[in-house]
Amino acid sequence: MSKLDYKSLYNQSIQDPAGFWGEAAKSLHWYTQPVKVLDDTRKPFYRWFSGGEINTCYNALDRHVEEGRGEQLALIYDSPVANIVKKYTYSELRDQVAKFAGALHSNGVAKGDRVIIYMPMVPEAVIAMLACARIGAIHSVVFGGFASKELATRINDAKPVMMISASCGLEGKKVVPYKPLLDEAIQLATHKPDKCIIFQRPQVQATMQEGRDLDWATLMLKSAAIDCVPVAATDPLYVLYTSGTTGIPKGVVRDNGGHAVALNWSMKHIYNVQPGDVFWAASDVGWVVGHSYIVYAPLIYGCTTVVYEGKPVGTPDPGAFWRVIAEHNVNVLFTAPTAFRAIKKEDPNAEYLKKYDMSNFRALFLAGERCDPDTLQWAQEILQKPVVDHWWQTETGWAIAANCLGIEAMPIKPGSPTKPVPGHAVCVLDETGQEIKGAGMGTIVIRLPLPPGCLPTLWNNDERFKSSYLDAHPGYYLTGDAGYIDEDGYLYIMSRIDDIINVAGHRLSTGSMEEVLASHPDVAECAVIGVSDQLKGELPLGMVVLKSGVSRSDKEIVDELVKMVRDKIGPVASFKVATVVKRLPKTRSGKILRGTMKKIADGQEYKMPATIDDPMILDEITESLEQLGYHARVVV
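Per our numbering, the sequence shown starts with residue 51, numbered consecutively.
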């Protein structure tokens, strides 16, 4: 298939999805071949590879060993905070996973049972995930260090028989004990897991509860390795919770068959890597990027994956990423734009990059939130390698739009994730549900069926799946994003639908204003929110973080920013207010919490976001907004 050009391959995937993905599925090991590649008997609940039996762990580990590649590196663990580098071959990783699967099985975990994994970025987190997949248990990874109350809601929804955790996590220079948070969550939860397995780290020795808590190391000494269990392709592999607008998290379901096929296909066609290459997704296993591109896709495809326990800056300096790339011969890096904004802020001239040999590095992929053109261009200039902004969601599990380097590398247009990836029939609809032809901005949707790897439903909640994603535009999946498609077929994601602001009847994208602010030479990162205004409905408010070493006054820079928006977007934007802040509130994956800042500015009550990286930042934002005349009430 890969010999075709992009247009031919894309058209084939849309016109004959069953034929296209049936061919892609041949690259994997199946215990039983699928009876039906695309099962549309329960529309809109489409299923992929019905009747097929597969095991994701077997495809990620055992088959590579059996094909003679057991001595190839499978996983490199690099922790600048723990000062450890540890490497596993495919044989070593398979053996560790098989033994831990035996430990789970001997402690009552069976096919179909749920297991919650609450772990830091250590190899044991990957081992736990793959061990669940090995025996057909459904894992749900929750960020290590996540608040007890939030963990309790996930325990109540998933109803796990087992919890897997560690004594602590290392967040930069901070040591975060996990066990007290885990104990409190279990106490708060109405559902009580039968047992907990705890991985003791040298920094903290967790107190164990007799009769419930089991020690990881002790189990591994006495457990026997077990083989993979065949599961239905349509059986869930994992449930990953994403924030819901109601405050109740949504459990995104990922199946075994479609997930393995899509991710395996993506490694070659999107990221242009080969088995044996070193692929690094600088994310966390608590996020979908960590599931897809730290754990599953690189191993299924036969690459070496990197598990990094550190930050882009501060562990110990802005050269952290360059060190990892040079030391481990990383070929492709996948990270969030916010990581590069952090590096750019601390080292705007990329002085640290000059210390490292980047000769094996081939491409950078960015995703997680919209990449402003200035950050993309900065990365292009310093790396002199392809920099690909691509767009996807927790729900889809892999890219919706990308510059597919393994099919046909296209000219890069800063601000666009290029074109839809084969399998994704992306459209832009207006307010009446009609498709917009031309470059008009509207709601971005994907025509059903979604390709393999995307969510088939929500955990135990088909109705919420329909109401959240399908009911707004029957026959389409609602992405929740707004944007447009230009005359060359390039897609532009301008903002979440909720971030389109209405200024005196004009619908404007906050993303377009952020593009202008980010292009200022002194701005490291920024956010624009719409705040309520009695006269015009909403007015844009800009918040900017300056690069290190800027000596000019805040007022001088703000005046320039206001003029730039007026010159590039026009007076219609009514952009008149901006403020300089030390930092922006973000989730742990790097997404800026624009909605929360809007509520603060509008004086509305708001709930502390469960995924916030540092709650103290909201106090700083509130103080800055109060100086501009805004007020807020906090509800925790």
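Using N, Cα and C, we set each Cβ at its ideal position, and we do this for glycine too.
Could you have a look at Lys57 and say whether DSSP puts it in helix, strand or coil? helix
Could I get the ranges of all uninterrupted alpha helix (DSSP H) runs contained in the region 267–316, with 4 residues as the minimum, in chain order? none
Could you tell me the alpha carbon to alpha carbon distance between Val165 and Ile188, rounded to whole angstroms? 6 Å
In the DSSP assignment, find the alpha helix (DSSP H) that holds Tyr351 and state where it starts and stops. Ala347 to Tyr351
Alpha carbon of Leu520 to alpha carbon of Gly580, nearest angstrom: 27 Å
Roughly how many whole angstroms lie between the Cα atoms of Pro280 and Pro398? 51 Å
Taking 8 Å as the cut-off, does the region 302–312 touch the region 90–108 (at least 3 CB pairs, one atom from each stretch)? yes
With DSSP as the reference, identify every bridge partner of Ala522, one or two as the case may be. DSSP lists no partner for Ala522.
Secondary structure of Arg119, DSSP reduced to three states: helix
Taking only the alpha-carbon atoms, compute the straight-line gap between Met51 and Trp330 and give it to the nearest angstrom. Its pLDDT being 41, under 50, Met51 is placed unreliably by the model, and nothing is read from it.
Pairwise C-alpha distance: Leu498 and Ile134: 46 Å
Can you give me the Cβ contacts of Gly465 inside the same chain, cut-off strictly under 7 Å, excluding the 5 residues immediately before and after it? Pro423, Tyr542 and Glu565
Under a Cβ-count criterion, where at least 16 other Cβ atoms within 10 Å of its own Cβ denotes burial, should Ala160 be classed as buried or exposed? exposed
Can you tell me which of Arg412, Asn552 and Glu359 puts its alpha carbon nearest to the alpha carbon of Tyr127? Glu359
Determine, using beta carbons only, whether Leu123 and Thr493 come nearer to each other than 8 Å. no
For a minimum of 4 consecutive residues, which ranges assigned as the alpha helix (DSSP H) are wholly contained in the region 481–532? 512–515
Assuming contact is defined by CB atoms lying nearer than 8 Å, are Ser180 and Cys107 in contact in what I supplied? Just to set this straight, residue 180 is Leu in the shown sequence, not Ser. Going by C-beta atoms, Leu180 is nearer than 8 Å to Cys107.
Is Tyr358 helix, strand or coil when you go by DSSP? strand
Helix, strand or coil for Leu678? Go by DSSP, reduced to three states. coil
Suppose the cutoff is 7 Å on Cβ atoms and the five residues either side in sequence are ignored; what does the same chain contact list for Ser58 look like? none
Just checking my contact of Gly336 with Phe193 at CB under 8 Å: how many whole Å lie between their CB atoms? 4 Å
Quick check on DSSP: helix, strand or coil for Cys246? strand
What residue range does the alpha helix (DSSP H) around Cys182 cover? Pro173 to Ile185
Top-ranked residue by Cα proximity to His341, from Ala178, His319, Lys242 and Leu479: Ala178
Among residues of its own chain, excluding the 5 on either side of Ile173, which ones have a beta-carbon nearer than 7 Å to its beta-carbon? Before going further, note that residue 173 is Pro rather than Ile in the sequence given. Counting only Cβ-Cβ distances below 7 Å, and skipping sequence neighbours, we find Leu125, Tyr127, Lys136, Tyr138 and Val357.
Tell me whether Met666 sits in a helix, a strand or coil according to DSSP, three-state version. helix
Select from Ala197, Asn105, Leu54 and Phe371 the residue whose C-alpha is nearest the C-alpha of Leu231. Ala197
Between which residues of its own chain and Thr637 is the CB-CB distance below 6 Å, once the five residues before and five after are set aside? Thr661
Buried or exposed: Ala267, going by 16 or more other Cβ atoms within 10 Å of its Cβ? exposed
Endpoints, the alpha helix (DSSP H) within which Phe150 is located: Tyr140 to Ser156
With the cut-off set at 8 Å, would you say Gly222 and Thr385 are in Cβ contact? no
Run of the alpha helix (DSSP H) containing Met563, from where it starts to where it stops: Thr560 to Ala568
Pairs of beta-carbons, one from the region 202–215 and one from the region 235–250, closer than 8 Å: are there three or more? yes
Output needed for Trp372: all residues of its chain with C-beta closer than 8 Å, excluding positions within five of it in sequence on either side, in chain order. Tyr402, Leu403, Lys405, Tyr406 and Met408
If you reduce the DSSP assignment to three classes, tell me which class Asp439 lands in. strand
Using the Cα positions of Val686 and Pro665, report the straight-line distance between them to the nearest angstrom. With a pLDDT of 49 at Val686, under the threshold of 50, the modelled position of this residue cannot be trusted; read the value that follows with caution. So the alpha carbons of these two residues sit roughly 11 Å apart.
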